[in-house]
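Below you'll find the structure, written out as structure tokens, and then a few comments.
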Amino acid sequence: MSNIIYIGYDFKVTPLHSRSVGIEILIAELGYAGFESFVETEDGVTAYIQKEEWNESILNDVQILNSEEFKIEYEFNEIEQTNWNEEWEKNFSPIVVDNLCTVRAPFHEKPTTKYDIIIEPKMSFGTGHHETTHMMIQYILSNDFTNKSVLDMGCGTGVLAILAEKKGAKILDAVDYDNWCYLNSLENVERNNCENITVIEGDASVLAGKKYDIIIANINRNILLNDMATYVSCLNKNGVLFLSGFYNDDIPVIQEACENQMLKFAEKLERNHWVALKFLN
Ligand SMILES: C[S@@+](CC[C@H](N)C(=O)[O-])C[C@H]1O[C@@H](n2cnc3c(N)ncnc32)[C@H](O)[C@@H]1O
Numbered sequence: 024m025s026n027i028i029y030i031g032y033d034f035k036v037t038p039l040h041s042r043s044v045g046i047e048i049l050i051a052e053l054g055y056a057g058f059e060s061f062v063e064t065e066d067g068v069t070a071y072i073q074k075e076e077w078n079e080s081i082l083n084d085v086q087i088l089n090s091e092e093f094k095i096e097y098e099f100n101e102i103e104q105t106n107w108n109e110e111w112e113k114n115f116s117p118i119v120v121d122n123l124c125t126v127r128a129p130f131h132e133k134p135t136t137k138y139d140i141i142i143e144p145k146m147s148f149g150t151g152h153h154e155t156t157h158m159m160i161q162y163i164l165s166n167d168f169t170n171k172s173v174l175d176m177g178c179g180t181g182v183l184a185i186l187a188e189k190k191g192a193k194i195l196d197a198v199d200y201d202n203w204c205y206l207n208s209l210e211n212v213e214r215n216n217c218e219n220i221t222v223i224e225g226d227a228s229v230l231a232g233k234k235y236d237i238i239i240a241n242i243n244r245n246i247l248l249n250d251m252a253t254y255v256s257c258l259n260k261n262g263v264l265f266l267s268g269f270y271n272d273d274i275p276v277i278q279e280a281c282e283n284q285m286l287k288f289a290e291k292l293e294r295n296h297w298v299a300l301k302f303l304n
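Numbering of the sequence shown is given in our numbering, commencing with residue 24 and proceeding in unit increments.
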């Protein structure tokens, strides 16, 4: 981890509305733009991205920057992050979902919840802190995974595949196109003693000819829309598709894409404008 160069953005959020709401939306949008880690400050947030992932238009899709409800100013610097773990340890607290599942780092105490997932995220998305991961964990907890074959598309840290195996899934593929996430998922799979998960580096093109009982995809609206037909072609009859990574406002277009593939809408979860949907084949 040493000697990786990061770009750090200091955002100052002026609370014309509510600073905490502004910061929350800003972090969510930056996460989807590719920023990997966030440290809340007194008047905003500092967000980090690896220099090699950065480009000049990185903030183009961060819509809250154009919002009239918040005034957000920023400056950015290059930093050499040599002690990321220390920074991470200060900022990562365990999360507990529905009193059943804890997602924590190796240095946290062992919890008493039924499911205990240890993640060393090293900045891959998927610590359970994000609304979308939280809702997908809720779906996995409340649905039957016993003996199922499962695809975790856009696996990030591998957290969802790991929980799905703990819930009884027998064959799992965890796919991410980001090399960092691929390597991190491999480590986390081993750390949680999972034996049924194959981690694959790639995008929807690696799915040709594969079939699953359950597909979990927490990615983003555009990738989901683009790859929906491929996902559905991989779904067994009576299979289940869980989707997240988009907002309430995106539901009609996502639902239409699913219904065009003959899927039936079954359920919606919502947290802070983010949603997760369940569809049946
Ligand atoms: C929102 S994160 C979700 C991570 C984890 N599954 C979770 O629920 O916390 C989305 C992940 O999808 C990956 N991703 C984005 N586009 C992808 C694509 N076209 N194919 C595969 N993975 C993709 C990103 O690298 C990222 O790790």
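All residues carry an ideal CB built from backbone N, CA and C; glycine is no exception.
Looking at the DSSP output, Ala-240 sits in a beta bridge with Met-176 and Leu-266. Counting C-beta pairs with one atom in each stretch, the stretch 126–134 and the stretch 61–71 have fewer than three that are closer than 8 Å, which means they do not touch. Under DSSP, Gln-73 forms a beta bridge with Tyr-29. By DSSP's assignment, Val-68 forms a beta bridge with Phe-34 and Glu-63. If you draw a 10 Å sphere on the C-beta of Ala-70, you find 16 or more other C-beta atoms in it, and that means buried. Within 8 Å of the C-beta of Tyr-55 there is at least one heavy atom belonging to ligand 1. According to the DSSP assignment, Ile-223 belongs to the beta strand (DSSP E) that extends over 220–224. A Cβ-Cβ distance of about 7 Å is found for the pair Glu-224 and Asp-199, placing them in contact under the 8 Å criterion. For the pair Ala-240 and Leu-174, the CB atoms are nearer than the 9 Å cut-off. For the 9 Å CB-CB criterion, Ser-172 and Lys-193 form a contact. Across the structure, Tyr-29 and Leu-186 are spaced so that their CA atoms are roughly 31 Å apart. Here Phe-93 is buried, its C-beta having at least 16 other C-beta atoms within 10 Å.
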